[in-house]
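The listed protein sequences correspond, in order, to chains H and X. In case it helps, the working numbering puts the first sequence at residues 43 to 542. In case it helps, the working numbering puts the second sequence at residues 30 to 354. Cβ atoms here follow ideal geometry from the backbone N, Cα and C, with glycine treated the same way. Predicted, not measured: the structure shown is a model, and the values here were computed from it. Please read the structure below before turning to the comments.
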Amino acid sequence: MDILNSLIGGIAVAVTPLNLALAVFGCFAGTLIGALPGLGPVNGVAILIPVAFAMKLEPSSALIMLSCIYYGCMYGGRISSIMLNIPGDEPAIMTTLDGYPMARRGQAAKALGISAVASFVGATVATLGLTFFAPLLAKAAIHFGPADYFALYVMAFATIGGVTGVNPFKTLLAAMIGLLLASVGLDPGTGTARFTFGSFHLYDGFDPIVAIVGLFAVSEIIMYFESHALSGAGPVKLGRTLPRLREVFEGFGASIRGALIGFVCGVLPGAGASLGAFVSYSTEKQLNDKNGTFGTGDPRGIAAPEAGNNAASGGALIPMLTLGVPGSGTTAVMLALLVSLNIQPGPLLFERQPDLVWGLIAALYLANVVLLLLNIPMVGIFTRLLSLPQWFLMPVVVMVSFIGIYSISHSTFDLFVMIGFGLLGYALRKFDISLVPVVLGLLLGADMENNLRRALSISGGDFNILLQSPIALAIYAFTALMLAFSFGIAMRRRGPRSAK
Amino acid sequence: MSYTRKLLAGAILATGLTATSAITASAAECIAPADPGGGWDFTCRTVGRLLTELGLEEGSVQVTNMPGGVGAVAFANVAGKRADDGDVLVATSTVGVTQIAQGKYPGGIDVMRWVGMLGTDVGVIVVPADSEYETVDDLLNTLKADPTSVPVAGSSGAGGWDHIRLLMLADEAGMDDDAYKAIRWVQFDGGSPAVTQMLGGQVGAVSTDLGEIAGFVESGDIRIIAALSDDPIPAFPDAPTAKAQGYDVTGYNWRGFYTGGDVSDAEYQAWVEELKSLFDTAEWKEAAEANGLITVWRGGEAFEAYVAEQAKQMEDISRSIGVIQ
């Protein structure tokens, strides 16, 4: 009951006219920032922290506005995935796989509606988990060691071959390219520079968001130049501009499953939202893709990763608040936000500053409801985007991305890297190689390597450490089961067809 | 037409948001050579905010994040393009000087003018509350008997400041080069992840700055077996210093600023005085203590000399442990 009382206290703080107005503004701006490729929570929150100070907002009001922006960005990332086939941020990458095909069929409104509901489900599951189990889950997460994290990444990469369907070998090749790119930069264990060719700009490796914008958006423009003389893919069918109520609940079951998986990934500080979205999607596909519809616009293929990445983003707040350990770049920004408001996350936060914690949790519930209410009508705005001519839309998107990327790093070098990735993306598309595994390799490869290296540092180079933890063994067993199950499905599916 | 307008409005809003900080800024700029959220970012944002609030600067100080190469990108940028720009401060710390001493920046400490330091974090060796190691002697004796017996973690890679501080203790304990190179060192992305992994039983001890992990000491999850400071840490007066236990090792991680090497004496002195005025305020003391820093001032020539001495010391240590040749 203590929890409920505290929560009600928190909500009472949140629901004042000023705070509600800030919440609506935060949600709207957040969705927009998230939707623009290259702009994400890092820009949104980091840039608005000084604005919040300049407006002389109370800490609780600033917290409400900025957490609404944070959650808003998580909602917004899906929009450009679905509408333009360009992920708005890293975790939204899996949403391109089924979201874009559905939009191309003229059902953009349905895809946006499904993903809005799925985002809501994911974020709500995570916020509930945060409300009731935060300290407990943080204690459990502590027992995950480097060998266990490594097992988790092995599971992710073991299922990557099945993710983009068409040709598993091309998918594996793409993942390898991603892993190769992930090895560029300072080796975290020893500080030795790898593949940097003496340039300090490459010391931190390739920023995934720079790679994403380059691979997806810049290469799209190059493709457009090429196809312009020919007829090109043709305009997308517009269809309805608002989804039917019944449609948005398709894939609701997948949302629930995706939310639970994503939440677990979020709670583990070494995993994070991108892994959450990825595992949610691949599990859903392995278990339920009985007719081979994933990748062609299956509602479950949109619902699972969207619920997964929102649940993971919310779940990542648990280790951040209770341990002071940010699970990902985006939670690191939230950590910076709290510190700048003089809130010290860590084991004593819930005891020392309960008002602020419950204020934050109440703000997250509020953000969630506002975002759902805001996002359904906003579907209409975004679907109309598709009727804009490509020659206008794509350059504007890329231009905004350039500004966004430059505003984070203040480095023109990153802009050239982005163009380089655009050329790479163009080449890969020509060979019909999916870009999603490239980004997954880049996003997850560094963490996978770091955890392997940490495990081996602990054991002094003895590889047996990877198999000595019961948690790791359980993950390997689960991976084997899942692979067997999906092979089973694939066989059954192929059976009748080859019998023809 | 309406959707075009909305799209454009959206684009303008987004660009406006990214440009906001530039519009309201004063002439002064603080470069944080890291992504938002880290220690250098905190230094810039806190100092920048206080300079404005206390009226030492008119308008808000612009904070620019310029991540890359553990500060090398910002260093190269200032050395190459803004060496005489008296409006720029760059946040740095002992970690930056370690990088310079190990030749990982494009230039030595004499390329820049070192303005001042406002506070310092203190290095500590911590163990879980229920650890068998009661004192730093226990830990070091165990490592002496078998360097591979206890994996130790920190927030830097091998050869980084957290690692070096541990090796300084090992050196002081009389371990020879080969023995202490065999100590298993595990890198995590910060002090808190290292501590949580230690609580999960993955490593036996952690060597890192106190500030980020102070909460775990207060909550009783971990114990400080050695504080690498001259005097006991004010917040934890009962935690024994390494010196009090017979190991003459201190390991501070100060927070301060440099500016370009060609900045005029007048502008340089103005910065030194402005930071000194900030240091003398109650607001800075409060902000520093809230983040686990001990307030210590060194400015101007005294700071230049201090940095030079520290770089020399760091170079010697790095050479003796084989990080540089």
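For M146 of chain X, the uninterrupted beta strand (DSSP E) run begins and ends at 141-157, by DSSP. T521 of chain H is positioned such that its CB atom lies no closer than 8 Å to that of M136 of chain H. Residues R236 of the same chain have their beta carbon placed closer than 7 Å to that of D229 of chain H, with the five preceding and five following residues left out of the count.
Under the 10 Å beta carbon count, W433 of chain H is surrounded by fewer than 16 other beta carbons and is classified as exposed. The contact set of F186 of chain H on chain X, defined by CB atoms closer than 8 Å, consists of G229 in chain order. Counting along the chain, the unbroken alpha helix (DSSP H) around Q226 of chain X starts and ends at 220-228. Taken atom to atom, the span from the alpha-carbon of D167 of chain X to that of A296 of chain H is near 54 Å.
At a cut-off of 8 Å between C-beta atoms, P135 of chain X counts as an interface residue with respect to chain H. Here the C-alpha atom of A319 of chain X lies approximately 31 Å from the C-alpha atom of G233 of chain H. Residue range 281-289 is occupied by the beta strand (DSSP E) that includes T288 of chain X. Taking all protein chains in view, the Cβ of T177 of chain X is surrounded by fewer than 16 other Cβ atoms within 10 Å, so the residue is classified as exposed.
When the Cα atoms are used, V57 of chain H and A104 of chain H turn out to be separated by approximately 14 Å. Across the structure, R120 of chain H and A374 of chain H are spaced so that their CA atoms are roughly 21 Å apart.
Judged by their CB atoms, V235 of chain X and A182 of chain X are nearer to each other than the 8 Å cut-off. Rounded to the nearest whole angstrom, the C-alpha separation of L486 of chain H and N85 of chain H is 22 Å. Using a CB distance cut-off of 8 Å, V151 of chain X does not count as an interface residue toward chain H. Under the three-state reduction of DSSP, N94 of chain X is assigned to strand.
A Cβ of chain H is located within less than 8 Å of the beta carbon of N94 of chain X. Between N282 of chain X and I219 of chain H, the alpha-carbon positions lie close to 39 Å from each other. Chain order gives the chain X residues near N384 of chain H as A319, where near means a beta carbon separation below 7 Å. Around D340 of chain H, the same chain offers D140 as residues with beta carbons nearer than 6 Å, after the five sequence neighbours per side are excluded. D246 of chain H reaches chain X at P96, G97, G98, counting residues in chain order whose Cβ is nearer than 8 Å.
For the 8 Å CB-CB criterion, A378 of chain H and A88 of chain H form a contact. Following the DSSP letters along the chain, one finds Q328 of chain H inside the alpha helix (DSSP H) bounded by residues 315-330. Counted as a single uninterrupted DSSP element, the stretch harbouring T121 of chain X is not any alpha helix (DSSP H) but the beta strand (DSSP E) occupying residues 117-122. Bounds of the beta strand (DSSP E) holding W214 of chain X are 214-216.
Assignment of T324 of chain X by DSSP, reduced to helix, strand and coil, places it in the coil class. With respect to chain X, the C-beta atom of I264 of chain H has no partner C-beta closer than 8 Å. What S248 of chain X touches in chain H, judged by beta-carbon distance under 8 Å, is G388, P389, L390, going in chain order. Against T232 of chain H, the close residues of chain X are G186, A187, G188, in the order they occur along the chain (beta-carbon pairs closer than 8 Å).
Relative to the Cα of Y245 of chain H, the nearest Cα in the group H:I264, H:A224, H:I251, H:V255 belongs to H:A224.
The stretch 248-261 of chain H makes contact with the stretch 122-136 of chain H, as at least three CB pairs between them are under 8 Å. At a Cβ-Cβ threshold of 8 Å, P129 of chain H and I53 of chain H do not count as neighbours. Along the stretch 209-233 of chain X, the positions whose C-beta sits under 9 Å from a C-beta of chain H are A211, R213, W214, V215, Q216, F217, D218, G219, G220, S221, P222, V224, T225, Q226, L228, G229, G230, Q231, V232, read in chain order.
Between L198 of chain X and V278 of chain X, the C-beta gap is smaller than 8 Å, which places the two residues in contact.
With contacts defined as CB atoms closer than 8 Å, G164 of chain H and C115 of chain H fail to qualify as a contacting pair.
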